[in-house]
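Taking it in order: structure first as structure tokens, then the write-up.
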Amino acid sequence: MQKIPINLAAAGMVLAKDVKADDNPSSSPICGKGLTLTASLISRLSSMGIQSLNVEGHPVKIEGEMSLDEALAALEKRFSKVADDALMLRLKEIYRRQIVRSMGDNNG
Amino acid sequence: MADRKAEIRSIIKDTKSLPTLPGIITKLSALAENNKASVNEMARVVSSDQVLSAKVLRLVNSPFYGFSGRVSTISNALILLGVNVVKSLAMSSSIFEMMEKNFLGLWEHSLGCGVAANIIANRLGLPDIEEISTAALLHDIGKVIIKIKLSDDYSELLSLIKEKDICMLDAERELLGSDHAEIGELLARSWFLPEKLIEPIAFHHDVMRSSTQFAKTSVVHVADVLVKCSGFGFSGDDYVPRIQPEAWKKLDLKEALVEEIVAELEDRLVDCRNFSLEIQSGSEA
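Chains A and B supply the protein sequences, listed in that same order. So the first sequence is numbered by the working numbering: it starts at 1 and just counts up by one. So the second sequence is numbered by the working numbering: it starts at 1001 and just counts up by one.
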């Protein structure tokens, strides 16, 4: 799954999450997940003020974006000064899982 | 070193070249204290400054507040967010603009930190969420002052960080005998900001020194660490600082909750990144 700004959305991409009108998680969705985007749907969502979409796979290559391995190596480097701290190790593990979750389908 | 400290103090005190807060903040404070003042009156005051209104609206509609693209007027913002929030927005948008121009990486770090603090405070059900977010947005204001007013020292700081492979805070203490938290506090006091904002700015690296705003300071400290974990923005060095166990304990953070906070934060940081790219492409045009 990739979260992309709506101006990078293209017809044929598949929604990986429901689209909601605002940040209120209890509001009902405008579009359901699994729906394939069309040009007219994208422009309608855009005119409703929707700014970003979650789509299946990783269709947009953003400049300077890291691969999963690079992202994990960068995480190790950031934590290198606190590698002796049990609490920080737990926090690093949370971030490692988060990176794998969000980029797991990046290499496929 | 003591001389150096006195020198820094006098540089901060030399208010001529110091960024000032717009006079509108004082007017708004006066109006806010007067219970009879209506929202319309206050909206008029803010709207009288076009540039400030634009800045406030931009910040309201940024991912920082999560009202993306839905607040179009100042009176709308006042009704939705309340007077105190709009006041702190007017204040932080001025400071924030100064950061954006001088220090894009720090601006991103601060924006991310504001978002993180907002999520943490929300999840923990803490009072004064908006003030906590504002404090987080401003927590590194001392670094802006170092960069603007002590620019030679700033370049030296960056080389020192590289050469010795140390973090910004240690480099500041070694070179200046002071640090951005202390300098930020001096500035915040010279602006007469409320203690709710001063303590998180002054003690976000040393939460135990906070006397009256321990919870708020702890949130800002944890938010700072989380954004460093994400690697979003640049605040002087790339290293994640150690979380102070006292802050962790005070907020009673459990691993499952932190996992949720991190997931929400990473999602919102994608919006922050796009917002930042938008601003950069806008300023080039």
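Think of the CB as a built atom: it goes at the ideal place given N, C-alpha and C, for glycine as much as any other residue. Note that this is a predicted model, so its numbers are computed, not measured.
Residue i to residue j span [Cα, whole Å]
i                      : j                      : result
residue 1142 (chain B) : residue 1150 (chain B) : 11 Å
residue 45 (chain A)   : residue 1010 (chain B) : 54 Å
residue 106 (chain A)  : residue 1105 (chain B) : Unreliable placement is indicated for residue 106 (chain A), whose pLDDT of 48 sits below 50; no coordinate value is reported for it.
residue 1081 (chain B) : residue 1153 (chain B) : 40 Å
residue 1109 (chain B) : residue 38 (chain A)   : 36 Å
residue 1107 (chain B) : residue 1219 (chain B) : 19 Å
residue 81 (chain A)   : residue 88 (chain A)   : 10 Å
residue 108 (chain A)  : residue 1031 (chain B) : Only weak support exists for where residue 108 (chain A) lies, its pLDDT of 39 falling under 50; the value from the coordinates is given anyway. Their Cα atoms are separated by approximately 59 Å.
residue 19 (chain A)   : residue 1060 (chain B) : 22 Å
residue 11 (chain A)   : residue 55 (chain A)   : 11 Å
residue 1257 (chain B) : residue 1246 (chain B) : 17 Å
residue 17 (chain A)   : residue 36 (chain A)   : 12 Å
Collapsed DSSP secondary structure at residue i in the structure displayed
i                      : result
residue 1167 (chain B) : coil
residue 29 (chain A)   : strand
residue 1061 (chain B) : coil
residue 4 (chain A)    : strand
residue 1005 (chain B) : helix
residue 1088 (chain B) : helix
residue 1134 (chain B) : helix
residue 60 (chain A)   : coil
residue 1076 (chain B) : helix
residue 1217 (chain B) : helix
residue 1285 (chain B) : In this predicted model, residue 1285 (chain B) has a pLDDT of only 42, less than 50, meaning its place in the structure is not dependable enough to derive any value.
residue 1265 (chain B) : helix
residue 1026 (chain B) : helix
Interface residues of chain B facing residue i [CB-CB closer than 8 Å]
i                    : result
residue 94 (chain A) : 1255, 1258, 1259 and 1262
residue 46 (chain A) : Under the 8 Å cutoff, chain B gives no residues; its nearest Cβ is about 10 Å from residue 46 (chain A).
Contact set between residue i and chain B, taken where Cβ atoms lie within less than 7 Å
i                    : result
residue 1 (chain A)  : Residues of chain B passing the Cβ test: none, with the nearest at roughly 11 Å.
residue 74 (chain A) : 1231
residue 82 (chain A) : 1240 and 1242
residue 29 (chain A) : Result: empty, since nearest Cβ-Cβ is about 16 Å, beyond 7 Å.
Chain-ordered neighbours of residue i on chain A, where CB pairs are closer than 8 Å
i                      : result
residue 1228 (chain B) : 78
residue 1238 (chain B) : 77 and 78
residue 1270 (chain B) : 3 and 52
Under 7 Å by beta carbon: chain A residues contacting residue i
i                      : result
residue 1266 (chain B) : 98 and 102
residue 1191 (chain B) : Under the 7 Å cutoff, chain A gives no residues; its nearest Cβ is about 32 Å from residue 1191 (chain B).
One or two residues paired with residue i in a DSSP bridge
i                     : result
residue 43 (chain A)  : Partner(s): none; residue 43 (chain A) has no beta bridge.
residue 19 (chain A)  : A:31
residue 110 (chain A) : Coverage of chain A is limited to positions 1 through 108, which leaves residue 110 (chain A) absent and any answer about it impossible.
Closer than 7 Å: residue i CB and nearest the ligand GTP heavy atom
i                      : result
residue 1154 (chain B) : Annotation note on the ligand GTP: not contained in the displayed structure, which lists no ligands.
CB-CB length for residue i against residue j, believed under 8 Å
i                      : j                      : result
residue 1168 (chain B) : residue 1276 (chain B) : The Cβ separation is near 20 Å, so there is no contact.
residue 1267 (chain B) : residue 3 (chain A)    : 7 Å
Within chain A, partners of residue i - CB distance below 9 Å
i                      : result
residue 1248 (chain B) : 87
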